[in-house]
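A.B. asks: There's a structure below that I have some questions on.
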Amino acid sequence: LQEYAEDQYIAEYHRVGSRPHGPDEDPELAALAMQISPFAHRLVEEQHGLATSPNTNYNVELLSPGKAIATNNSTGVTHEVNIERSRCKCIFMETCLLPCRHVMHARMKLGYETVIPPMKTIPARWIVHSSINNIAEGDVVAGGLLEVSAAPLLKEKPVSASDMYIQSKALTEKIVDRLALQTTPTFSVAYKWLEDFYEALNNGQVVD
Numbered sequence: 001l002q003e004y005a006e007d008q009y010i011a012e013y014h015r016v017g018s019r020p021h022g023p024d025e026d027p028e029l030a031a032l033a034m035q036i037s038p039f040a041h042r043l044v045e046e047q048h049g050l051a052t053s054p055n056t057n058y059n060v061e062l063l064s065p066g067k068a069i070a071t072n073n074s075t076g077v078t079h080e081v082n083i084e085r086s087r088c089k090c091i092f093m094e095t096c097l098l099p100c101r102h103v104m105h106a107r108m109k110l111g112y113e114t115v116i117p118p119m120k121t122i123p124a125r126w127i128v129h130s131s132i133n134n135i136a137e138g139d140v141v142a143g144g145l146l147e148v149s150a151a152p153l154l155k156e157k158p159v160s161a162s163d164m165y166i167q168s169k170a171l172t173e174k175i176v177d178r179l180a181l182q183t184t185p186t187f188s189v190a191y192k193w194l195e196d197f198y199e200a201l202n203n204g205q206v207v208d
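If you're matching positions, the sequence shown starts at 1 in full-length UniProt numbering and goes up one per residue.
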């Protein structure tokens, strides 16, 4: 009986219009919840909250039809947004393939009909009723073994978050002291290098 009840619950849960939502829930998010998996919906909901929050401090500049630059006024970090394709090169969108805060904020600022991009921009793997997610349809391909060679991992001693903060703060204070003594040309070059390093670090592009 329990198994039957769980099956019935799942069938009802995925039926369009069956999930309850509060009166304050955003209608776009409520509609999206009927289409994509709960996990994907939670991810998009978090990004949507950041995009539409009154505390969000982004400046959106339209470069050309369908393309814009979203600049974080607090950090100065910029992201180029392809609004027509609902694409951004931020870490979230590159890894999750779901609408990010930059895309949704740009759509909101530029007066698009919806903040959340259309469903056609979301990969089928996230869509609940997509045929590729139904294991009852089509052939189930047998698994295989893939052998690869990888370099051995470096055995470095873990560094605690507090030690990271203390060491980084001490080093940046030395850098600030040195920068203040430079000529304007040297300062400009060093400052640009630091900006590039920060952006690479923020985007997860720093490698060994």
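All C-beta atoms, glycine included, are put in the ideal place defined by N, C-alpha and C.
Since this is a predicted model, take the numbers as computed values, not measurements.
#1: Just the C-alpha distance for Gly17 and Lys169, rounded to the nearest angstrom, thanks.
#2: Three or more C-beta pairs closer than 8 Å, one from the segment 98-118 and one from the segment 52-61: is that the case here?
#3: Assuming contact is defined by CB atoms lying nearer than 9 Å, are Gln35 and Ile132 in contact in what I supplied?
#4: Is it the case that the Cβ atoms of Ala70 and Cys96 are separated by a distance below 9 Å?
#5: Run the CB neighbour count on Gln205, radius 10 Å, all protein chains shown included, and call it buried at 16 or more, exposed below.
#6: Which of helix, strand or coil does DSSP assign to Ile122?
#7: With 16 other CB atoms within 10 Å as the buried threshold, where does Arg42 fall?
#8: For a test of the three-state rule: what should DSSP assign to Cys90, helix, strand or coil?
#9: Quick check on Val60: does DSSP put it in helix, strand or coil?
#10: Among Ala31, Pro38 and Glu25, which residue has its Cα nearest to the Cα of Pro118?
#11: Per DSSP, which one or two residues make a beta bridge with Ile69?
#12: Are there 16 or more other CB atoms within 10 angstroms of the CB of Ile116, so buried, or fewer, so exposed?
#13: Is the distance from the Cβ of Lys67 to the Cβ of Ile83 below 9 Å?
#14: Buried or exposed for Trp193, please, with buried defined as at least 16 other CB atoms from any protein chain shown within 10 angstroms of its CB.
#15: Starting from Ser162, trace the alpha helix (DSSP H) in both directions and tell me its first and last residue.
#16: Starting from Ile116, follow its DSSP beta bridges and name the residues at the other end.
#17: From the DSSP output, which residues share a beta bridge with Ile36?
#18: Assign Val81 to buried or exposed, taking buried as 16 or more other Cβ atoms, counted over all protein chains shown, within 10 Å of its Cβ.
#19: In chain order, what residues of the same chain lie with their CB nearer than 6 Å to the CB of Arg125, ignoring the 5 residues before and after it?
#20: Decide if Leu181 is buried, meaning its Cβ has at least 16 other Cβ atoms within 10 Å, or exposed.
#21: How would you write the range of the alpha helix (DSSP H) that Ser188 sits in, first residue to last?
#22: Using three-state DSSP, classify Glu28 as helix, strand or coil.
C.D. replies: Per the coordinate set shown:
#1: Here Gly17 scores only 47 on pLDDT, less than 50, and its place in the model should not be relied on; the value that follows carries that caveat. Using only the alpha carbons, I get a separation of about 52 Å.
#2: With contact defined as three or more Cβ pairs closer than 8 Å, the segment 98-118 and the segment 52-61 are in contact.
#3: no
#4: Judged by beta-carbon spacing, Cys96 lies beyond the 9 Å limit of Ala70, meaning their Cβ atoms are not closer than that value.
#5: exposed
#6: coil
#7: exposed
#8: coil
#9: strand
#10: Ala31
#11: Glu61 and Glu80
#12: Buried, by the Cβ-count rule.
#13: Closer than 9 Å, so yes.
#14: exposed
#15: Ala161 to Leu179
#16: None; Ile116 has no bridge partner.
#17: Ile36 is bridged by DSSP to Ile127.
#18: buried
#19: none
#20: exposed
#21: Thr184 to Asn202
#22: Helix.
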